[in-house]
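Our numbering puts the last residue of the sequence shown at 605; the count rises by one with no breaks.
Ideal Cβ positions, reconstructed from N, Cα and C, are used throughout, including at glycine.
Fair warning: this is a prediction, and the values are worked out from it, not measured in the lab.
Structure first, then comments.
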Amino acid sequence: MSSGITLIEEKLSGELQQRLKAYYQDRQMNTSYIDYQWQQWSDQPGMMVYRAIQNGQDRAWIIYNPENSTIQDILISLDDDKTTSESILDALIARENLVAVQLWAEDDGKYRMLVDYGFRPTRAYLEAGCKIMKLELSTSVLLRKLKGYKPEWEIKTEVVAVEKVSADGQQEEIKAGLERLLQKLGGIENFVRPGQRVVIKPNVVSEHGIKDGIYKGGIVTDPRLIKTLVEILLPLAGEIIIAEGSSINRSETSKMFEHYGYQEIVELDPGKISLVDLNQDEARVKTVPGGKRMVSRKIPVTLETADVIISVPVMKIHFAAVVSLSIKNLQGAVPPLEKYMSHFFGLWQSLININHLVKPDLIIIDGLCGQEGFGPISGTPRQMDLLIAGTNPAAVDAVATRIMGLEPEDVPTCLMAYLQGFGPLEMNDIELIGPPLQEISRPFQQPQLDLSGGGDITLHNGYACPGCRAYLHFVMSKLRKPDPIEPGRLLIDRPFPNPVQIYFGPETEEPIDPRATNIFMGVCQQHHAHKGMHIPGCPPHSEALIDGIYSLFPDVEKAKYADKSEEAKLGEMLLEVDKGTVLLSTLAPLKK
14 MSSGITLIEE KLSGELQQRL KAYYQDRQMN TSYIDYQWQQ WSDQPGMMVY RAIQNGQDRA
74 WIIYNPENST IQDILISLDD DKTTSESILD ALIARENLVA VQLWAEDDGK YRMLVDYGFR
134 PTRAYLEAGC KIMKLELSTS VLLRKLKGYK PEWEIKTEVV AVEKVSADGQ QEEIKAGLER
194 LLQKLGGIEN FVRPGQRVVI KPNVVSEHGI KDGIYKGGIV TDPRLIKTLV EILLPLAGEI
254 IIAEGSSINR SETSKMFEHY GYQEIVELDP GKISLVDLNQ DEARVKTVPG GKRMVSRKIP
314 VTLETADVII SVPVMKIHFA AVVSLSIKNL QGAVPPLEKY MSHFFGLWQS LININHLVKP
374 DLIIIDGLCG QEGFGPISGT PRQMDLLIAG TNPAAVDAVA TRIMGLEPED VPTCLMAYLQ
434 GFGPLEMNDI ELIGPPLQEI SRPFQQPQLD LSGGGDITLH NGYACPGCRA YLHFVMSKLR
494 KPDPIEPGRL LIDRPFPNPV QIYFGPETEE PIDPRATNIF MGVCQQHHAH KGMHIPGCPP
554 HSEALIDGIY SLFPDVEKAK YADKSEEAKL GEMLLEVDKG TVLLSTLAPL KK
């Protein structure tokens with residue numbers, strides 16, 4: 014990312030206003046829109062300007078709104094070579110991370126420059142009589158560009174504790190192990206004061222952790238660990254709430270509590286202990302700091318009114334998110350529509366946004382038995398005999414990820430949390446209390462994805478992030494079954510009059526054939542939406558992918574990811590939320 018570009022923070026100035034007007038006049042564009050926008054910008058006290066300098070010369074001015082992480086306008090010489098404009102944008106994302114751009118749709122040159130870099134058009138709307146486009150930076154582009162980048166700000170050292178505790182032990186042995194772990198962090202009294210309201214957020218994602226009465230470790234947080242934690246809290250806390258909003262079968266959280274015996278935990282002290290379904294809880298709208306991808310989220314009142322929040326995820330592989338640990342655990346802390354919207358607007362950034370608004374005071378990762386392979390629910394148990402704890406989600410996840418044999422920089426949520434200032438990833442910045450990593454690390458098996466396509470179906474992977482790769486694999490795997498028309502072949506090998514080309518990831522290395530049936534996945538391919546079928550999302554939800562790809566097979570019943578009625582209802586709700594803007598996947602070509 015070393016570009017030789019220096020960004021200087023400035024304020025709006027009359028000189029810059031004249032430069033902008035001259036820019037648009039030179040391109041025979043109506044400058045009245047700039048006058049309108051300038052007034053809007055001047056009325057916002059937080060608006061700022063970045064002046065880009067290279068070798069002592071001014072190269073660009075970027076009008077930037079930090080409240081929603083959006084470039085309001087960018088004045089850059091389009092006569093400069095591509096390397097210079099790319100270096101300027103590199104410097105900006107190194108400073109501000111995931112950003113968006115507001116662009117006058119008539120500005121073809123600027124549009125092409127931004128798309129070449131990795132921004133993608135996602136919305137169109139009218140403002141002051143002018144057609145405006147909103148472009149979002151591809152998360153995949155961001156992750157590739159900033160991998161290995163060291164932020165300039167000072168990184169605070171964080172403490173993470175690890176304790177060996179046998180998963181085969183009895184309840185009292187697990188309790189003793191948890192108490193030893195907490196003592197390494199100063200004891201439970203360091204986190205909970207007498208009489209406080211404590212909310213415990215486990216991972217109770219689905220019913221798959223018990224089948225035919227037999228518990229299968231690694232899918233949900235071990236109920237024994239939650240019971241042990243409650244027993245430790247009872248003498249101190251005034252109220253204990255165990256709260257979860259299941260992500261699969263979202264209306265079934267109460268049944269999940271019953272399925273895993275949580276009522277027995279409540280019976281320890283029914284006057285103090287209760288269960289709350291966060292999917293059904295009243296929610297409050299909270300502003301997201303920096304407003305990346307979404308400017309607000311709804312947060313359940315139970316979490317908002319807690320004195321102390323303790324997050325207790327389980328150590329497991331996630332076929333799309335790479336790992337599911339403390340950052341990912343808070344996906345279960347928001348209402349169902351918020352979960353669905355996460356896929357629509359950007360899952361990785363959405364998880365970071367939730368962690369901005371819900372900040373656990375203590376994180377305890379259940380590593381008694383983890384899950385490898387096709388997690389979060391279909392993998393293989395991996396006994397680890399560990400508990401991990403800390404207060405910083407980035408640091409705790411970095412340690413757990415390394416114990417699983419992975420690099421935190423390869424995990425989208427870990428890297429983005431680090432780049433956005435949540436905490437450290439490098440072990441030099443983490444004080445580990447407990448056995449050394451080399452003693453407890455055991456590489457977890459990774460899911461093997463098949464993105465090979467079929468007879469007339471070709472998949473084009475243009476550096477897609479783990480999410481798009483995984484969800485596309487999931488849907489394509491459903492096509493690897495006998496074709497009802499001709500059982501001797503697989504459905505994926507059914508012949509088509511025209512070849513089917515599926516594009517995912519931000520890069521498109523080969524020319525797009527207009528004669529083919531072209532399918533474009535997610536935000537990364539949204540600039541090609543007018544050339545075929547576009548499936549929105551970042552990454553697209555499995556249900557959206559199923560609807561799109563199964564439209565090629567109208568005679569075949571669609572595969573299911575979750576309760577279809579729930580997903581359909583959420584989709585309808587999302588359309589209501591999105592009224593007032595137009596998704597660019599629904600528009601005709603924009604003369605680009």
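{"Item": "Of all the beta strand (DSSP E) runs that stay within the bounds of the segment 46-126, which reach a length of 3 or more residues?", "Value": "61-67, 70-78, 83-89 and 113-117"}
{"Item": "If we call anything under 8 Å between Cβ atoms a contact, is residue 437 one with residue 407?", "Value": "yes"}
{"Item": "Taking the beta strand (DSSP E) that residue 498 falls in, what are its first and last residues?", "Value": "Element bounds for residue 498: n/a, residue is neither H nor E."}
{"Item": "Residue 154 lies in the alpha helix (DSSP H); which residues open and close that run?", "Value": "152-159"}
{"Item": "Is residue 594 helix, strand or coil by DSSP?", "Value": "The predicted model places residue 594 with a pLDDT of 46, which falls under 50 and marks its position as unreliable; any figure quoted below should be read in that light. Of the three classes helix, strand and coil, the one that applies to residue 594 here is coil, per DSSP."}
{"Item": "When you compare the CB positions of residue 257 and residue 291, do they come within less than 8 Å of one another, or not?", "Value": "yes"}
{"Item": "Which ranges does the beta strand (DSSP E) cover as unbroken runs of at least 3 residues, wholly within the segment 366-426, from first to last along the chain?", "Value": "375-385 and 393-403"}
{"Item": "Buried or exposed for residue 104, please, with buried defined as at least 16 other CB atoms from any protein chain shown within 10 angstroms of its CB.", "Value": "buried"}
{"Item": "Since residue 352 is in the alpha helix (DSSP H), which residue starts that stretch and which ends it?", "Value": "349-358"}
{"Item": "So, helix, strand or coil for residue 512, using DSSP?", "Value": "coil"}
{"Item": "Can you name, in chain order, every residue of its own chain whose Cβ lies under 8 Å from the Cβ of residue 18, other than the five neighbours on each side?", "Value": "65, 66, 67, 72, 100, 101, 103 and 104"}
{"Item": "Quick one: residues in its chain with C-beta nearer than 7 Å to the C-beta of residue 23, no 5 flanking neighbours on either side, listed in chain order?", "Value": "62 and 64"}
{"Item": "Would you mind listing the beta strand (DSSP E) stretches within the segment 431-468 that are 3+ residues and don't spill past its ends, in chain order?", "Value": "443-446"}
{"Item": "Relative to the alpha-carbon of residue 523, which residue among 350, 259, 37 and 473 has its alpha-carbon at the smallest distance?", "Value": "473"}
{"Item": "Let me check one thing: in DSSP terms, what residues is residue 19 bridge-paired to?", "Value": "66"}
{"Item": "Looking at C-beta atoms only, is the number of pairs between the segment 311-318 and the segment 327-335 that lie closer than 8 Å three or more?", "Value": "no"}
{"Item": "So, for residue 446: in the same chain, excluding its five sequence neighbours on each side, which residues have a beta-carbon less than 6 Å away from its beta-carbon?", "Value": "174 and 197"}
{"Item": "For residue 458, I'd like the list of residues in its chain whose CB is within less than 6 Å of its CB, leaving aside the five on either flank, ordered along the chain.", "Value": "385 and 386"}
{"Item": "According to DSSP, is residue 12 helix, strand or coil?", "Value": "Outside the displayed span of the chain (14 to 605) sits residue 12, for which this structure offers no information."}
{"Item": "Going by C-alpha to C-alpha distance, which of 273, 232, 271 and 85 sits closest to residue 46?", "Value": "85"}
{"Item": "To which residues of the same chain is residue 335 closer than 6 Å at the C-beta, ignoring the five residues directly before and after it?", "Value": "424 and 479"}
{"Item": "Got a sec? Which residues, its chain only, sit under 7 Å from residue 448 by beta carbon, not counting five neighbours each side?", "Value": "175 and 177"}
{"Item": "Going along the chain, which unbroken runs of the beta strand (DSSP E) with 3 or more residues stay wholly within the segment 137-198?", "Value": "143-150 and 171-177"}
{"Item": "Among the residues of its own chain, which have a CB less than 6 Å from the CB of residue 27, if the five just before and after it don't count?", "Value": "none"}
{"Item": "For residue 307, report the span of its alpha helix (DSSP H) as first-last.", "Value": "Element bounds for residue 307: n/a, residue is neither H nor E."}
{"Item": "Under 6 Å Cβ to Cβ from residue 286, same chain only, skipping five residues before and after it: list those, please.", "Value": "253 and 279"}
{"Item": "Taking Cβ to Cβ, would you say residue 525 is nearer than 8 Å to residue 544?", "Value": "yes"}
{"Item": "Using the Cα positions of residue 604 and residue 484, report the straight-line distance between them to the nearest angstrom.", "Value": "Confidence in residue 604 is poor, its pLDDT being 38 and thus under 50, which makes the residue's placement too unreliable to answer from."}
{"Item": "For the beta strand (DSSP E) that residue 540 lies in, which residues bound it at each end?", "Value": "Looking at the DSSP string, residue 540 is not in any beta strand (DSSP E), and its letter there is neither H nor E."}
{"Item": "Would you tell me roughly how many angstroms separate the C-alpha atoms of residue 266 and residue 217, rounded to the nearest one?", "Value": "8 Å"}
{"Item": "Find the nearest neighbour of residue 77 within the set 20, 43 and 121, judged by alpha-carbon distance.", "Value": "20"}
{"Item": "Rounded to a whole number of angstroms, what is the C-alpha to C-alpha distance between residue 542 and residue 143?", "Value": "22 Å"}
{"Item": "Helix, strand or coil for residue 221? Go by DSSP, reduced to three states.", "Value": "helix"}
{"Item": "Consult DSSP for residue 486 and reduce its assignment to one of helix, strand or coil.", "Value": "helix"}
{"Item": "Is residue 273 helix, strand or coil by DSSP?", "Value": "coil"}
{"Item": "May I ask which residues mark the beginning and end of the alpha helix (DSSP H) holding residue 43?", "Value": "That residue, residue 43, is in no alpha helix (DSSP H); it is neither H nor E in DSSP."}
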